[in-house]
Amino acid sequence: MQLIPCPWCGPREEVEFHYGGQAHVAYPAEPAELSDEEWASFVFFRDNPRGPFAERWSHAAGCRRWFNAVRDTRSYELLAVYRPDQERPVTT
Amino acid sequence: MTADIATRRSPLDGWTSRLAELAPAVRLAERPFVSQLTLRLPDSSRAAAVSTVLGVELPSAPCTFAKGTGPHGPVEVCWLGPDEYLVLAQPGLQRTLESALRAAIGDAHGAVVDVSAQRTTLTLSGPNARDLLAHGCAVDLHPSVSPTGTCVQTLLAQAGIILLVREAEFVVLVRASFATYLAAWLLDAGTEYREQPT
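Below is the structure:
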């Protein structure tokens, strides 16, 4: 089973974690100004890259904290994990 | 007509003799009614005041617990998250501790919640205790990886637990509604360690 390194608890089994979708999706600065199409884009449309992808994970069965991870969608390899208050690290 | 006397029953009330069947390889027992309080303290400026009330420093390293003896007797404080702790104390102290901790936090941002009824406590000791836990828990409990003072939140046989490594025993805190399931699972997983009938 894949081990996911929680930034606080260290490596734990994947079943302890919950997936939270793409990371760094910023809330609109002026929500009232958005058209329906822009809202739909914000709520439903996500990137689907082939390669490194920054996504949110929650250590649901452990410390229950959210964190971000950069995962290669081709190999499922986790290139980096970092706390929500940290910048996305540079991965090659 | 209903009885007006509330009798408190632990989740594993009536399991005592069944849990004792695994001895001497695994000494398994419930420690009911441990006082448990969830402490949220994002404001670290009150950590010293809280430590004075409990008589123990709040654990700063993830996945550890601190133990000590203070004004309210022996207390263990478990790290549950970057600003979240679980305070374990002797039975019956939850009200006293709750108000004492609230007074220590004062106006600062924080929360104290009595969660004594949320979980029950199982202790495991004996030569095969670690082997038994390893049947359903992926965390490495070897002393070189998880020394005394380790406190992990993980899954044991798919049930969420808080696991404390004390000097001579393991402590498993499990939700009350999962307690009978986990007790039955432990008894089943421990079959191979039972004494063979002669």
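Chains as they are written, first to last, in the working numbering: chain A, 1 to 92; chain B, 1001 to 1198. Note that beta-carbon positions come from the ideal geometry of N, C-alpha and C, so glycine has one too.
Exposed unless 16 or more other CB atoms sit within 10 angstroms - verdict on VAL1171 (chain B): Numbered from 1 along the second sequence, position 171 holds the residue referred to as residue 1171 (chain B). Burial call: buried.
The region 1169–1189 of chain B / the region 1011–1030 of chain B touching (three or more Cβ pairs under 8 Å): yes
Counterpart residues of GLU1030 (chain B) in DSSP-defined beta bridges: Counted from its first residue, the second sequence places residue 1030 (chain B) at position 30. Answer is B:LEU1122, bridged to GLU1030 (chain B).
Proximity below 8 Å, CB of LEU79 (chain A) to CB of PRO52 (chain A): On the first sequence, residue 79 (chain A) is found 79 positions in, with the first residue counted as 1. On the first sequence, residue 52 (chain A) is found 52 positions in, with the first residue counted as 1. The answer is yes: Cβ separation under 8 Å.
Stretch-stretch touch, CB-based, cutoff 8 Å, three pairs: the region 1102–1113 of chain B with the region 1027–1045 of chain B: yes
Interface flag, THR1148 (chain B) vs chain A, CB-CB below 8 Å: Indexing the second sequence from 1 puts residue 1148 (chain B) at position 148. Not closer than 8 Å to any Cβ of chain A, the Cβ of THR1148 (chain B) fails to qualify, so no.
TRP66 (chain A) - DSSP class collapsed to helix/strand/coil: The residue you call residue 66 (chain A) lines up with position 66 of the first sequence. In the structure shown, TRP66 (chain A) sits in a strand (DSSP, three-state: E or B).
Local Cβ density within 10 Å of VAL1026 (chain B), reported as buried at 16 or more and exposed below that: By one-based count along the second sequence, residue 1026 (chain B) stands at place 26. Classification of VAL1026 (chain B): buried, given that the 10 Å Cβ count is 16 or more.
Cross-strand partners of PHE53 (chain A) (DSSP beta bridge): Mapped onto the first sequence, residue 53 (chain A) falls at position 53. A:ARG71, per the DSSP bridge assignment.
Segment limits, beta strand (DSSP E) that includes ARG1040 (chain B): Your numbering for residue 1040 (chain B) matches position 40 in the second sequence. Taken as a continuous stretch (DSSP letters only), the beta strand (DSSP E) holding ARG1040 (chain B) covers 1035–1040.
DSSP three-state assignment for VAL1077 (chain B), whether helix, strand or coil: Numbered from its first residue, the second sequence carries residue 1077 (chain B) at position 77. VAL1077 (chain B) falls in the strand class under three-state DSSP.
Cβ neighbours of ALA1117 (chain B) in the same chain (closer than 8 Å, five flanking residues each side left out): The count along the second sequence starts at 1 and reaches residue 1117 (chain B) at position 117. Correct list, in chain order: ALA1176.
Delimiting residues of the alpha helix (DSSP H) encompassing GLN1094 (chain B): In the second sequence, counting from the first residue as 1, residue 1094 (chain B) sits at position 94. Counting along the chain, the alpha helix (DSSP H) containing GLN1094 (chain B) begins and ends at 1094–1105.
Where GLU16 (chain A) meets chain B, residues with beta-carbon distance less than 8 Å: Taking the first residue of the first sequence as position 1, residue 16 (chain A) is located at position 16. Under the 8 Å cutoff, chain B gives THR1154 and LEU1155.
Cβ pair ALA60 (chain A), ARG88 (chain A) closer than 8 Å: Numbered from 1 along the first sequence, position 60 holds the residue referred to as residue 60 (chain A). Numbered from 1 along the first sequence, position 88 holds the residue referred to as residue 88 (chain A). No, these two residues do not count as a Cβ contact at 8 Å.
CA-to-CA distance, SER1044 (chain B) to VAL1050 (chain B), given in whole angstroms: Counting from one through the second sequence, the residue named residue 1050 (chain B) turns up at place 50. Counting from one through the second sequence, the residue named residue 1044 (chain B) turns up at place 44. So the two alpha carbons sit approximately 10 Å from each other.
Interface partners of GLY1160 (chain B) on chain A, CB under 8 Å: Numbered from its first residue, the second sequence carries residue 1160 (chain B) at position 160. Correct list: ALA61.
Residue range of the alpha helix (DSSP H) that includes ASP36 (chain A): In the first sequence, counting from the first residue as 1, residue 36 (chain A) sits at position 36. Note, ASP36 (chain A): alpha helix (DSSP H), 36–44.
Contacting positions in the region 1026–1049 of chain B - beta carbon closer than 8 Å to chain A: none
Closest Cα partner of GLN1153 (chain B) within the set B:ALA1183, B:LEU1163 and B:THR1120: Numbered from its first residue, the second sequence carries residue 1153 (chain B) at position 153. Ranking B:ALA1183, B:LEU1163 and B:THR1120 by Cα distance to GLN1153 (chain B) puts B:LEU1163 first.
DSSP beta-bridge partners of PHE1170 (chain B): Taking the second sequence and counting its residues from 1, one reaches residue 1170 (chain B) at position 170. The partner list for PHE1170 (chain B) (beta bridge, DSSP) reads B:LEU1124 and B:VAL1165.
GLY62 (chain A) burial status per 10 Å Cβ neighbour count (16 or more: buried): Translated into positions along the first sequence, residue 62 (chain A) becomes position 62. Buried, by the Cβ-count rule.
TYR76 (chain A), DSSP secondary structure in three states: Position 76 of the first sequence, counted from the start, is the residue given in the question as residue 76 (chain A). TYR76 (chain A): coil per DSSP, three-state reduction.
Sequence-distant residues of the same chain with beta carbon closer than 6 Å to ILE4 (chain A), five excluded per side: The sequence position of residue 4 (chain A) within the first sequence is 4, counting from 1. Excluding positions up to five away in sequence, the list reads GLU14 and PHE17.
Within-8 Å CB hit, TRP96 (chain A) to chain B: Outside the shown range of chain A, which is 1 to 92, sits residue 96 (chain A), and nothing can be said about it.
LEU1173 (chain B) vs THR1121 (chain B) beta-carbon contact at 8 Å: Looking up residue 1173 (chain B) in the second sequence gives position 173. Looking up residue 1121 (chain B) in the second sequence gives position 121. A contact, by the Cβ cut-off of 8 Å.
Residue environment, GLU77 (chain A), which counts as buried when at least 16 other CB atoms sit within 10 Å: Position 77 of the first sequence, counted from the start, is the residue given in the question as residue 77 (chain A). Under this definition GLU77 (chain A) is an exposed residue.
Sheet register partners of PRO1065 (chain B) (DSSP bridge): Counting from 1 along the second sequence, the entry for residue 1065 (chain B) is found at position 65. Per the sequence presented here, residue 1065 (chain B) reads as Phe, with Pro not at that position. Its beta-bridge partners are B:CYS1078.
Residue closest to VAL25 (chain A), alpha-carbon to alpha-carbon, out of A:TYR82, A:ARG64, A:ARG56 and A:GLN86: Counting from 1 along the first sequence, the entry for residue 25 (chain A) is found at position 25. Nearest option by C-alpha distance: A:ARG56.
Per-residue DSSP class, three states only, for TYR1181 (chain B): Along the second sequence, one-based indexing puts residue 1181 (chain B) at 181. Helix at TYR1181 (chain B).
Collapsed DSSP secondary structure at ASP1114 (chain B) in the structure displayed: Locating residue 1114 (chain B) in the second sequence gives position 114, where the first residue counts as 1. ASP1114 (chain B) falls in the strand class under three-state DSSP.
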